[in-house]
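Chemist: In the working numbering, the protein residues as written are 18 to 221.
#1: Determine the DSSP secondary structure at residue 211, reduced to helix, strand or coil.
#2: With hydrogens ignored, establish whether the beta-carbon of residue 141 is closer than 7 Å to any heavy atom of the ligand FAD.
#3: Flag this pair as touching only if the region 174 to 182 and the region 148 to 165 have three or more C-beta atom pairs under 8 Å; answer yes or no.
#4: State the DSSP-derived secondary structure class of residue 193, mapped to helix, strand or coil.
#5: To the nearest whole angstrom, what separates the beta carbons of residue 214 and residue 158, a pair I think is in contact under 8 Å?
#6: Locate the alpha helix (DSSP H) running through residue 132, then write down its first and last residues.
#7: Is residue 61 near residue 86, with beta carbons less than 8 Å apart?
#8: Within the chosen definition, does the region 111 to 128 reach the region 68 to 75 through at least 3 CB pairs nearer than 8 Å?
#9: Sort 192, 217, 212, 221 by Cα distance to residue 130 and report the nearest one.
#10: Between residue 115 and residue 121, how many whole angstroms is the CB-CB distance? I'm expecting something under 8 Å.
#11: Hey, could you find the ends of the beta strand (DSSP E) residue 104 is sitting in?
#12: By DSSP, does residue 198 sit in helix, in strand, or in coil?
#13: Got a sec? Which residues, its chain only, sit under 8 Å from residue 217 by beta carbon, not counting five neighbours each side?
#14: Applying the 10 Å Cβ sphere with the 16-neighbour rule, what's the burial state of residue 43?
#15: Looking at chain D, is there any beta carbon in it that lies within less than 8 Å of the beta carbon of residue 68?
#16: Could you check what DSSP says for residue 48 in three-state terms: helix, strand or coil?
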């Protein structure tokens with residue numbers, strides 16, 4: 018499993034740049050605040066990805082892809098919630114090509130997705146992260162985004178139907194997720210982001 022975790026930590030991001038945005042436009046982020054946002058966001062992201070990928074890998078190996086689809090539908094959200102609670106943040110995985118409508122991006126998340134997407138379209142390595150300061154409801158929060166690449170492992174359920182995805186697996190996907198958009202990927206494609214929403218008080 019350590020080998021898989023290394024892929025998560027080192028293989029799916031390179032480079033480095035960040036912007037802080039508010040509802041009124043772009044602003045500089047104070048270095049000490051940015052450091053705290055990035056540090057907490059990255060730690061929460063790695064905790065989620067390592068746990069989630071570990072469980073998915075184990076399920077694929079022991080139960081197969083059809084059972085893993087059902088497993089993910091029941092386990093992913095409780096796992097995300099538990100990691101969020103442990104760090105005092107709110108974590109969400111989002112993408113333009115979502116499988117579950119609950120993962121549909123909001124307008125701020127769409128902005129972050131487009132930011133990373135253009136690097137992939139141009140064949141460039143994406144930055145390590147993207148940071149926003151946005152108004153959610155009646156309060157301002159920080160949002161840390163971590164870009165995700167499609168790993169070979171992911172193609173079992175997110176690749177091309179009939180090629181990477183077996184017919185019985187694709188049927189199981191459509192039964193569980195009638196609005197599924199998350200197929201047709203190739204290894205190395207931009208999959209989406211992990212978004213970590215951080216209340217200012219958590220940084221103190």
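Glycine residues also receive a C-beta, built at the ideal position from the N, C-alpha and C atoms. As the structure is a prediction and not an experimental result, all values here were calculated from the model.
Modeler: On the basis of the supplied data:
#1: The three-state reading of DSSP puts residue 211 in strand, counting E and B together.
#2: Questions concerning the ligand FAD fall outside what the structure shown contains, since it holds no ligand whatsoever.
#3: Cβ pair count under 8 Å is below three, so no.
#4: Reduced to three states, the DSSP call for residue 193 is helix.
#5: For residue 214 against residue 158, the beta-carbon gap comes to about 5 Å, under 8 Å, which counts as contact.
#6: Counted as a single uninterrupted DSSP element, the alpha helix (DSSP H) harbouring residue 132 occupies residues 124 to 138.
#7: Between residue 61 and residue 86, the C-beta gap is not smaller than 8 Å, which leaves the two residues out of contact.
#8: In short, these stretches do not touch, since the Cβ pair count stays below three.
#9: Of 192, 217, 212, 221, the residue nearest in Cα terms is 212.
#10: That belief holds up - the Cβ atoms of residue 115 and residue 121 are roughly 6 Å apart, short of 8 Å.
#11: Run containing residue 104: none in the beta strand (DSSP E); it sits in the alpha helix (DSSP H), 82 to 104.
#12: Of the three classes helix, strand and coil, the one that applies to residue 198 here is coil, per DSSP.
#13: Here the set comprises 157, 158, 159.
#14: Residue confidence for residue 43 is low, a pLDDT of 44 falling below 50, so the modelled location carries little weight; the figure read from the coordinates is stated next. Exposed, by the Cβ-count rule.
#15: Note that chain D does not occur in the displayed structure, where there is just one protein chain.
#16: It is helical.
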